[in-house]
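Colleague: Here the numbering used here is used: the first residue of the sequence shown is 1144, the next is one more, and so on.
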Amino acid sequence: MRGVLITALFILSILAPLANALELISERELGLGAPLSDEVEDAPITYGFSPAVRAAFARVSDLSQYSDAELTSADQWVAVSAIPLGEDARDLTNTWIVDVEPALAPAKFAQLQADGIVEVAYPLIERDASTKMIPNDTKFSDQWHLQNTGQTGGTTGEDVNVTGVWDNYTGAGVVIGIVDDGLDWEHPDLDDHYEGTLDYDYCGNDGNPSPSNWDAHGTAAAGVAAAVGNNSLGVTGSAPEAGLAGLQLISCGLSDSKEANALGHLRQSIDIYSNSWGPSDNGNTLEAPGPLVLAAFEADVFQGRSGLGNIITWAAGNGLNNNDDSNYDGYANSRFTIAVAATTHYGDNAWYSEPGDNILVAAPSDGDGEGITTTDIEGSSGYTNNDYTDNFGGTSSATPLVSGVVALILEANSNLTWRDLQHVLANSARVNDAGDGSWGTNGAGHDVSHKYGFGVIDAGAAVALALNWTNV
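In structure tokens:
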């Protein structure tokens, strides 16, 4: 035991702050990537990871893909080692977040790999997230996405059919985590059911996810999902009594570890993680989650909610004008997430909403000049100079709308697994825009579309189905 401790202390002394330089190694050695193998003796730690996580390690540990500037500015690396090297990476055994001296880290880790001390390592490169909201220029009666009577000139009934559900189910007892750029938790239309013990700011590393003056995206998304209803004030969310937890993430540079920590935050207390963000929608970006995020996804669905699995909703993307496709987004196309497309008040495809085989359902959002009315940061901050906005939108708005409906479903039947929930959504969704050529019949006999998935989410039908559901 004493020998192991001495070895660990020695390694830590060279990794943080990496003050003792090793000899430079060849470019070939720097580009080796992960020595992953199906043979236990070749990869005794990574062999225990899922195939998806192992493949992700192989991808991100190839240092040839990073620029010199990225490698020499990364002050944290992820390393797999039987010896503790830093902060525990939570969902992967023997995996560590290591503070390093950036300029020396590549050579150090290559030497440690060559010596058999570190199995695989990669730098945590910060990147930006793209929110999935489309602003335009244009209080309950204004919320046509909840009850469309044609008040905006759209098609009556093109909504999520939720008002009849509220007599019995409001999302009470279910907690939605809004993973976003912050949440104005003191907003009078959000604070009644706010779960202050469950929130966190992964940018400031504290328990206060209050947004900056210009980061109103998360507050708007929270209102769509769970603004307090029937309080004679402002707007209502699709789950007006669901709990809210703010998980501030995308208001700063992102990394694999930050994302994973937010997406696995208190998974036994938070039921739903609502994500209205992702990679760029420029049509040229192929981006996959890193190993730590993939491990967080797996832990969410196999361990979260006491083993029933957390529900993870994800915006499909707003890049249609750039010929972007939601399949290019490795977060939205994960089998563990629910990808959400957007429709207009007419029930057709929103001009920005990306197609994709991965899309499960669609939900109403802005388009054709009509936005979504929801909460804004109080006062003069945010999108407007008051406490509400009427121009929220994009798949950023469609996604928390679905998250709220999911909360209603889970209140109706709390025994649903994450897979059951996906089945319920698919089997209860409503075919919209029926004349569109994207509709076809899949091998199981279901109507399905690359634009709309199984159709627009129907809260009434979904709750009715969930009440009598037999787990798959």
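For each residue, glycine too, the CB sits at the ideal point set by N, CA and C. Bear in mind the structure is a predicted one, so any value in this text is a computation, not a measurement.
In three-state DSSP terms, what is Pro-1422?
Modeller: As a working note, residue 1422 is residue 279 in the sequence shown. Correct three-state label for Pro-1422: coil.
Colleague: Along the chain, where does the alpha helix (DSSP H) that runs through Gln-1256 open and close?
Modeller: What you label residue 1256 is simply residue 113 of the sequence shown in a count that begins at 1. Residues 1248 to 1257.
Colleague: Does the distance from the C-beta atom of Val-1548 to that of Ile-1600 stay below 7 Å?
Modeller: As a first step, residue 1548 is located in the sequence shown; it is residue number 405 there, counting from the start. As a first step, residue 1600 is located in the sequence shown; it is residue number 457 there, counting from the start. Their beta carbons are under 7 Å apart, which means Val-1548 touches Ile-1600 by this criterion.
Colleague: Tell me the residue span of the beta strand (DSSP E) that contains Gly-1386.
Modeller: In the sequence shown, residue 1386 corresponds to position 243, counting from 1. Taken as a continuous stretch (DSSP letters only), the beta strand (DSSP E) holding Gly-1386 covers 1386 to 1391.
Colleague: In the DSSP assignment, what residue or residues form a beta bridge with Ile-1481?
Modeller: Numbered from its first residue, the sequence shown carries residue 1481 at position 338. Its beta-bridge partners are Thr-1456.
Colleague: Assuming Ser-1273 and Pro-1422 are in contact, meaning their beta carbons sit under 8 Å apart, how far apart are those beta carbons, in whole angstroms?
Modeller: Numbered from its first residue, the sequence shown carries residue 1273 at position 130. Numbered from its first residue, the sequence shown carries residue 1422 at position 279. Going by Cβ atoms, the distance from Ser-1273 to Pro-1422 rounds to 6 Å, so yes, they are a contact pair.
Colleague: Buried or exposed: Trp-1357, going by 16 or more other Cβ atoms within 10 Å of its Cβ?
Modeller: For this step, residue 1357 is matched to residue 214 along the sequence shown. Exposed.
Colleague: Nearest-angstrom Cα distance between Leu-1341 and Gly-1580?
Modeller: If you number the sequence shown from 1, residue 1341 lands on position 198. If you number the sequence shown from 1, residue 1580 lands on position 437. One C-alpha to the other measures close to 45 Å.
Colleague: If we count Cβ pairs, one from each stretch, closer than 8 Å, do we get three or more for the stretch 1353 to 1371 versus the stretch 1532 to 1545?
Modeller: Verdict: yes, contact present.
Colleague: Looking only at its own chain, which residues have a Cβ that is under 7 Å from the Cβ of Leu-1610, when we skip the five neighbours before and after it?
Modeller: If you number the sequence shown from 1, residue 1610 lands on position 467. Contacts found: Ala-1555 and Asn-1556.
Colleague: Whether or not the stretch 1438 to 1456 and the stretch 1485 to 1495 are in contact is what I'm after, with contact meaning three or more pairs of Cβ atoms, one per stretch, closer than 8 Å; do they touch?
Modeller: No: fewer than three Cβ pairs fall under 8 Å.
Colleague: In terms of residue numbering, what span does the beta strand (DSSP E) encompassing Pro-1507 cover?
Modeller: Against the sequence shown, residue 1507 aligns to sequence position 364. Counting along the chain, the beta strand (DSSP E) containing Pro-1507 begins and ends at 1502 to 1507.
Colleague: Determine the extent of the beta strand (DSSP E) in which Ala-1222 is found, giving its start and end residues.
Modeller: Start at 1 with the first residue of the sequence shown, and residue 1222 comes out as number 79. It spans 1219 to 1223 - the beta strand (DSSP E) in which Ala-1222 sits, taken as one unbroken run.
Colleague: Pairs of beta-carbons, one from the stretch 1300 to 1310 and one from the stretch 1456 to 1463, closer than 8 Å: are there three or more?
Modeller: Verdict: no, contact absent.
Colleague: Taking just the CA atoms, how far does Asn-1427 sit from Leu-1289?
Modeller: Walking along the sequence shown from the start, residue 1289 turns up at place 146. Walking along the sequence shown from the start, residue 1427 turns up at place 284. Rounded to the nearest angstrom, the two C-alpha atoms are 35 Å apart.
Colleague: Helix, strand or coil for Ile-1600 per DSSP?
Modeller: The residue you call residue 1600 lines up with position 457 of the sequence shown. Residue state, collapsed to three classes: coil.
Colleague: Per DSSP, Ile-1415 is paired with what?
Modeller: Here residue 1415 refers to the residue found at position 272 of the sequence shown. Ile-1319 and Ile-1454, per the DSSP bridge assignment.
Colleague: Based on the DSSP secondary-structure assignment, which residues constitute the bridge partners of Asn-1492?
Modeller: The residue you call residue 1492 lines up with position 349 of the sequence shown. Note: Asn-1492 sits in a beta bridge opposite Thr-1486.
Colleague: Give me the Cα-Cα distance between Ser-1224 and Thr-1238, rounded to the nearest whole angstrom.
Modeller: Within the sequence shown, numbered from 1, the residue matching residue 1224 stands at position 81. Within the sequence shown, numbered from 1, the residue matching residue 1238 stands at position 95. Each residue's alpha carbon lies about 6 Å from the other.
Colleague: Answer yes if the stretch 1498 to 1508 comes into contact with the stretch 1578 to 1594, meaning at least three C-beta pairs across the two stretches below 8 Å, and no otherwise.
Modeller: Contact between the stretch 1578 to 1594 and the stretch 1498 to 1508 is present, because at least three Cβ pairs lie under 8 Å.
Colleague: Taking the continuous beta strand (DSSP E) assigned at Trp-1561, which residues delimit it?
Modeller: The count along the sequence shown starts at 1 and reaches residue 1561 at position 418. Note, Trp-1561: premise wrong, no beta strand (DSSP E); alpha helix (DSSP H) at 1561 to 1571.
Colleague: Could you check which residue in Tyr-1343, Glu-1441 and His-1330 has the C-alpha nearest to that of Leu-1376?
Modeller: Mapped onto the sequence shown, residue 1376 falls at position 233. Comparing Cα positions, the closest option is His-1330.
Colleague: Per DSSP, Tyr-1343 forms a beta bridge with which residues?
Modeller: Taking the first residue of the sequence shown as 1, we reach residue 1343 at position 200. For Tyr-1343, which the question treats as bridged, DSSP gives the partners Leu-1390.
Colleague: To the nearest whole angstrom, what separates the beta carbons of Ser-1618 and Leu-1435, a pair I think is in contact under 8 Å?
Modeller: Nothing in the structure corresponds to residue 1618, since the chain is present only between 1144 and 1615.
Colleague: Within 10 Å of its beta-carbon, does Gly-1339 have 16 or more other beta-carbons around it, so buried, or fewer, so exposed?
Modeller: On the sequence shown, residue 1339 is found 196 positions in, with the first residue counted as 1. Gly-1339 should be labelled exposed.
Colleague: From which residue to which residue does the alpha helix (DSSP H) around Asp-1443 run?
Modeller: Within the sequence shown, numbered from 1, the residue matching residue 1443 stands at position 300. Run containing Asp-1443: 1434 to 1446, per the alpha helix (DSSP H) assignment.
Colleague: CB Glu-1402 to CB Ser-1193, shorter than 7 Å?
Modeller: Residue 1402 sits at position 259 when you count from the first residue of the sequence shown. Residue 1193 sits at position 50 when you count from the first residue of the sequence shown. In this structure, Ser-1193 does not lie closer than 7 Å to Glu-1402 by Cβ.
Colleague: Who pairs with Pro-1383 in a beta bridge, going by DSSP?
Modeller: By one-based count along the sequence shown, residue 1383 stands at place 240. Its beta-bridge partners do not exist; DSSP assigns none.
Colleague: Give the DSSP-derived three-state secondary structure of Phe-1535 in the structure shown.
Modeller: For this step, residue 1535 is matched to residue 392 along the sequence shown. In the structure shown, Phe-1535 sits in a strand (DSSP, three-state: E or B).
Colleague: Please determine if the stretch 1506 to 1523 and the stretch 1285 to 1300 are in contact, where contact requires at least 3 C-beta pairs separated by less than 8 Å.
Modeller: The stretch 1506 to 1523 is in contact with the stretch 1285 to 1300.
Colleague: May I have the straight-line CA-CA distance separating Ser-1353 from Glu-1269, to the nearest angstrom?
Modeller: In the sequence shown, residue 1353 corresponds to position 210, counting from 1. In the sequence shown, residue 1269 corresponds to position 126, counting from 1. Between Ser-1353 and Glu-1269, the C-alpha separation is close to 22 Å.
Colleague: If you drop the 5 nearest sequence neighbours on each side, which residues of the same chain put their C-beta closer than 6 Å to that of Ala-1385?
Modeller: Here residue 1385 refers to the residue found at position 242 when the sequence shown is read from its first residue. Answer for Ala-1385: Gly-1314, Val-1317, Ile-1319, Ala-1369 and Ala-1550, listed in chain order.
Colleague: Which residues mark the beginning and the end of the beta strand (DSSP E) in which Ala-1264 is found?
Modeller: By 1-based counting over the sequence shown, the position of residue 1264 is 121. Ala-1264 -> beta strand (DSSP E) spans 1263 to 1266.
Colleague: Quick one: measure Cβ to Cβ for Asp-1324 and Leu-1333, integer angstroms, because I've assumed they're closer than 8 Å.
Modeller: Locating residue 1324 in the sequence shown gives position 181, counting from the first residue. Locating residue 1333 in the sequence shown gives position 190, counting from the first residue. That belief does not hold up - the Cβ atoms of Asp-1324 and Leu-1333 are roughly 15 Å apart, past 8 Å.
Colleague: Please report the straight-line C-alpha distance between Asp-1242 and Leu-1437, rounded to a whole angstrom.
Modeller: The residue you call residue 1242 lines up with position 99 of the sequence shown. The residue you call residue 1437 lines up with position 294 of the sequence shown. Their Cα atoms are separated by approximately 22 Å.
Colleague: Does the beta-carbon of Gln-1208 have 16 or more other beta-carbons within 10 angstroms, so that it is buried, or is it exposed?
Modeller: Along the sequence shown, read from residue 1 onward, the residue named residue 1208 stands at position 65. Under this definition Gln-1208 is an exposed residue.
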